[in-house]
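Okay, so here's the structure we're looking at.
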Amino acid sequence: MNAEQFRRAGYQAIDRICDYHDSLRGRPVSCQVEPGYLRKALPSSAPTEGEDFQLIADDYQKYIIPGLTHWQHPSFFAYFPTSSTFEGILAELYASSTSNPGFNWSASPACTELEAVVMDWTAQLLGLDKSFYNSSEVGGGVIQTSASDSALVATVAARSRYIREHPHVAMEKLVLYTTTQTHSLGKKAGLVLGLTVRALEVTAQDDFALRGDTLKVALEEDVNAGFHPFILIGTVGTTSSGAVDRLDEIADVAKNYPLLWLHVDAAWAGVAFVCPEYREAYQLPAINSYIDSFCTNFHKWGLVHFDGSCLWVRHRRHLINALDVTPEFLQSKHGDAGTAIDYRNWHLGLGRRFRSLKFWFALRARGVNGFQKYITDCISLNTMFAQRIYESDLFSVVTKPSLAMTVFKITPKSLPHLETSELNALNRAFYARLAARSDIAITQTELNGVFCVRMVIGAEKTVEGDIEQALALMREEAMVLVGNWARMRG
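Each position in the sequence shown, counted from 1, maps to that position plus 1061 in our numbering.
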């Protein structure tokens, strides 16, 4: 393909991308294919001779689009949102047009310097303390692939710091703390690093948040038993319920254990800090005062394409001490002098994508006001949804709504004496009916033995009418189940 052929194909690609986004509302939310559909449709090997690009582009429309789940669909309420904006699409196009590995400053100065700048912009946007800014030259921020990578990097840094201070501690004595509501990233970090993971119990009475007293008891038990807890992964906005660990209480306990690294996973909810009114309730003051590392994913609720997980650390030296491997061929004038950041020492890999460009485009195109409006619009829609659940004779809220998330279940007033096991069976059947539909996407969860359904609003195209439609079809499916249940019991 030469430049003119690329120009023509590019015009067509942009047109088709626009048409796709314009058509989202009329498409099914979930794809209607079966596992293995693509292998059956495609040849068993790559072509010997190159093919005409128009055929390739048309096959994308024919084979790939039908197999996509449409995460930006206005009726997509599953998992957490995944951002996609036209600004971000153009940024990714520009970034891929100048492909470079970006492993140190000299490999491509703009890649390193823009990342350092936009990570400070986003830190300011969220209200993070200046100790987390790259410009502080003490702490700093770096773009990772995902919150799982951020947690893994933080764990590596925490382990390295602890072992330097306690060089004779056996690896099997180290303990990583999570909670029973922490994302699987905590368990996976332990699995990858060969660490013992202890999940601390959280309860519905505490809104599934980790309390200081629970941590205090665990620390005393483990230390007395000869173990060495070295990191706690706390959460702001847990996956199952949107819970917020009491970081203020946790920090008060942790001050007696100065080498206990406090990492906060706020992969989804952290972006809400762009709105100052949510900062105190979601523990930003404690984050700014006490936390060693903090992560939030702008690719979830932050108008930036995947991948864009932001990790900030209070002391960058702990990352560099743990991850710096510099053979002769990677040495450079500016890296050796410490006059520029070498981001390869801030993550597990060597090469890096030019991810900061999409942050730069989004932040400039939307501005602070645009980000705030998007977040508050999503929260307003969830407030409307939650209120209708509170008023319903079929449903009830399982735990208090969190930002743009509501967790609920069927609890029909017409069947007041159902046991927990029966309610769980009823709700599993309810979720199965919803999951079988193509006009809504939603996910299930379990909170301390209670099966429930979680509704998360985040697509930019979602409006009140989409919430009304979701409520109507939920009620429709629930009424069928309740009627069948009543007849069976009768």
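Even for Gly, the Cβ is constructed at its ideal location relative to N, Cα and C.
Keep in mind the model is a prediction, meaning the values are calculated, not measured.
In this chain, the beta strand (DSSP E) harbouring residue 1259 covers 1257-1261.
Scanning its chain for C-beta atoms nearer than 8 Å, with the 5 sequence neighbours on each side dropped, one finds around residue 1525 the residues 1442 and 1445, in chain order. Membership of residue 1390 in any alpha helix (DSSP H) is not indicated, and neither H nor E is assigned to it by DSSP. When the beta-carbon positions are compared, residue 1238 and residue 1290 come within less than 8 Å of each other. With a contact defined as Cβ atoms closer than 8 Å, residue 1196 and residue 1379 miss out at about 19 Å. Counting only residues of its own chain and dropping the five nearest sequence neighbours on each side, residue 1134 has a CB closer than 8 Å to the CB of 1085, 1086, 1088, 1090, 1502, 1520 and 1522. Within the segment 1235-1309, the complete beta strand (DSSP E) segments of 3 residues or longer fall at 1235-1240, 1257-1261 and 1289-1296, listed in chain order.
Secondary structure at residue 1322: strand, using DSSP grouped into helix, strand and coil.
Considered as a whole, the segment 1345-1424 harbours 1345-1351, 1359-1362, 1377-1384 and 1394-1398 as its complete alpha helix (DSSP H) runs of no fewer than 4 residues, in chain order.
Taking residue 1150 as the centre and dropping the five residues before and after it, the same chain places the C-beta of 1078 closer than 7 Å to its C-beta, in chain order.
Across the set 1167, 1368 and 1201, the C-alpha of 1368 shows the shortest separation from the C-alpha of residue 1360. With fewer than 16 other CB atoms across the displayed protein chains lying within 10 angstroms of its CB, residue 1499 is exposed. Excluding its 5 nearest sequence neighbours in each direction, residue 1427 has C-beta neighbours in its own chain below 7 Å: 1364, listed in chain order. For the 8 Å CB-CB criterion, residue 1208 and residue 1417 do not form a contact. At the C-beta level, residue 1261 and residue 1275 come within 8 Å of one another.
Listed in chain order, the non-local C-beta contacts of residue 1217 below 6 Å within the same chain comprise 1383, local neighbours out to five positions each way being set aside.
Contact annotation: residue 1124 and residue 1103 have beta-carbon atoms nearer than 8 Å. A direct Cα-Cα distance of roughly 43 Å separates residue 1144 from residue 1478. For residue 1153, the closest C-alpha among the options 1100, 1419 and 1464 is that of 1419. Residue 1067 carries a helical assignment under DSSP once its states are collapsed to helix, strand and coil. The C-beta distance from residue 1495 to residue 1538 rounds to 6 Å, short enough to fall under 8 Å.
Runs of the beta strand (DSSP E) lying entirely within the segment 1451-1518, each at least 3 residues long, are 1456-1463, 1466-1471, 1504-1508 and 1511-1517 in chain order. Taken in chain order, the whole alpha helix (DSSP H) runs of length 4 or more contained in the segment 1164-1200 are 1170-1187.
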